[in-house]
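In this note's numbering, the protein residues as written are 1 to 398.
Cβ atoms here follow ideal geometry from the backbone N, Cα and C, with glycine treated the same way.
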Amino acid sequence: MTNIHGDRILILDFGSQYTQLIARRVREAGVYCEILPWDAAEERLRGFGARGIILSGGPASVTSEGAPRIPDAVWDADVPVLGICYGMQAMAAQLGGAVEGGHEQEFGHAELHPASCGLLAGLMDRSAVDGEPLLDVWMSHGDRVVALPAGFVVMARTASVPIAAMADDERRYYGLQFHPEVTHTPQGSHIYARFVHEVCGCGSAWTPTRIMDDAVARARQTVGSAQVLLALSGGVDSSVVAALLHRAIGERLHCVFVDHGLLRLHEGDEVMRVLGRNLGVPITRVDAAERFFAALRGVVDPEAKRKAIGRLFVDVFEERARALPEVAFLAQGTIYPDVVESAGTATGKAQVIKSHHNVGGLPAHMRLRLLEPLRELFKDEVRKVGIELGLPRVMVYR
């Protein structure tokens with residue numbers, strides 16, 4: 001089987017709101033990637049095995065004291081590096097160039113004039129009056145690079161930013177002041193595809209069919225002869241997990257739908273009808289509405305509510321597991337954004353919106369092992385895998 005994780009790109013997050021979009025563009029190009037914070041342990045960065053590294057944007061200024069820095073492991077890796085916005089500015093500052101603040105902030109559409117070199121060579125959206133190629137791009141910055149490091153040349157400019165992109169083709173270092181990951185940069189996907197394929201030499205093994213085959217094979221190997229209890233919510237993620245595990249282990253999968261009373265009116269009945277018709281696996285419905293209402297009574301804080309829901313879910317499934325002594329795993333539909341957000345951002349401020357997910361493990365007293373077959377996937381990838389597994393489009397895109 002093709003090693004779909006073999007060619008991999010590392011994305012270092014400096015706090016940009018667009019970091020997950022960068023990862024999605026790389027994966028859309030057929031290449032596996034992961035996001036790590038800029039201050040991740042050096043040994044973790046060195047052991048990642050990246051074919052290339054992308055440095056995200058971020059809200060900080062490289063001219064400020066204590067600003068995030070590009071780790072030495074990036075330069076020691078001897079792989080191509082692409083800096084986006086803050087990533088470009090940090091690259092310039094640390095490699096001997098100069099960055100200045102105090103310029104007029106630029107946010108929104110800009111017309112980019114690419115040079116005939118580096119990562120942008122030959123790309124254009126339209127022509128200027130003089131016939132020069134133009135790229136429509138999205139800017140969001142205050143600081144700017146005002147002097148190139150040794151070995152770099154200007155790869156693009158705008159009317160207000162003389163160094164809007166830079167390139168060192170010999171070392172395969174590139175910097176872009178704009179954001180190619182957003183849809184407002186029409187050629188952005190081509191830029192990322194060119195970087196990961198032509199510059200980094202990655203193949204295109206990350207496809208829905210191969211992702212599905214790999215997930216099924218890994219689940220089968222992990223579970224062995226044991227049985228699995230699956231927490232079904234009726235949502236896309238848990239439904240795809242059910243279809244995937246049913247293909248992997250067949251009747252050793254036990255699906256439980258906990259009706260906690262917090263769904264829309266009659267949605268519990270609809271969930272049972274749709275899942276029963278399309279998954280082809282037995283589903284046990286547990287009516288736990290009164291227990292959840294009791295646990296939430298008087299609780300006002302949203303985070304306290306989420307934690308109460310999470311604890312009660314674990315309790316319910318532990319009760320079901322005791323009735324099935326052969327069950328060794330609890331499966332759930334954790335996806336990659338849950339993992340990234342639960343781990344916190346580069347600033348160390350953890351996102352708590354999904355703390356009701358058991359990302360990172362189960363309570364120590366629970367004897368089941370956690371199984372999360374989708375934890376590497378974004379939502380759009382989960383949907384595509386669901387289609388590959390034969391689930392109806394109306395179910396996967398509900």
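Shortest Cα-Cα distance from Trp-138 to any of Arg-69, Gly-15, Ile-84 involves Ile-84. A contact between stretches requires three or more CB pairs, one per stretch, nearer than 8 Å, and the region 190-208 meets this requirement with the region 28-41. His-254 has Leu-229 as its beta-bridge partners, per DSSP. When the beta-carbon positions are compared, Ile-163 and Leu-232 stay at least 8 Å from each other. Around the C-beta of Asp-7, 16 or more other C-beta atoms lie within 10 Å, and the residue is accordingly described as buried.
Annotation: the continuous beta strand (DSSP E) that includes Ile-84 extends over 81-84.
Relative to the Cα of Asp-169, the nearest Cα in the group Val-81, Ser-204, Asp-301 belongs to Val-81. Per DSSP, Leu-36 is one residue of the beta strand (DSSP E) stretching across 32-37. For Leu-262, the number of other beta carbons within 10 angstroms of its own is below 16, and it is reported as exposed.
Bounds of the alpha helix (DSSP H) holding Thr-19 are 19-28. Taking C-beta atoms as the reference points, Leu-112 and Leu-135 count as a pair closer than 8 Å. In the structure shown, the three-state DSSP call for Ala-150 is coil.
For Val-394, the closest alpha carbon among the candidates Leu-148, Asn-278, Gln-221 is that of Asn-278.
The beta carbons of Met-166 and Pro-114 sit about 12 Å from each other, so the pair does not count as a contact at 8 Å. When DSSP states are grouped into helix, strand and coil, Val-62 belongs to the coil group. Cα atoms of Ile-9 and Leu-330: separation of roughly 30 Å, rounded to the nearest angstrom.
A check of alpha carbon separations from Arg-157 across Arg-306, Glu-132, Asn-3 identifies Glu-132 as the nearest. The Cβ-Cβ distance between Tyr-18 and Ala-60 does not fall below 8 Å. For the 8 Å CB-CB criterion, His-254 and Val-327 form a contact. A direct Cα-to-Cα measurement between Arg-24 and Asp-214 gives close to 19 Å. Under the three-state reduction of DSSP output, Val-145 falls in the strand class.
Straight across, the Cα-Cα distance linking Glu-181 with Phe-257 is about 37 Å. Out of Lys-305, Phe-378, Val-316, the CA that lies nearest to the CA of Pro-337 is found in Phe-378.
By the neighbour-count criterion, in which 16 or more other beta carbons inside 10 Å mark a residue as buried, Thr-209 falls on the exposed side.
Excluding five sequence positions before and after Arg-291, the CB atoms of its chain that fall closer than 7 Å to its own CB belong to Leu-312, given in chain order.
Under the three-state reduction of DSSP, Ser-204 is assigned to coil, being neither helix nor strand. A Cβ-Cβ distance of about 6 Å is found for the pair Pro-149 and Ala-92, placing them in contact under the 8 Å criterion.
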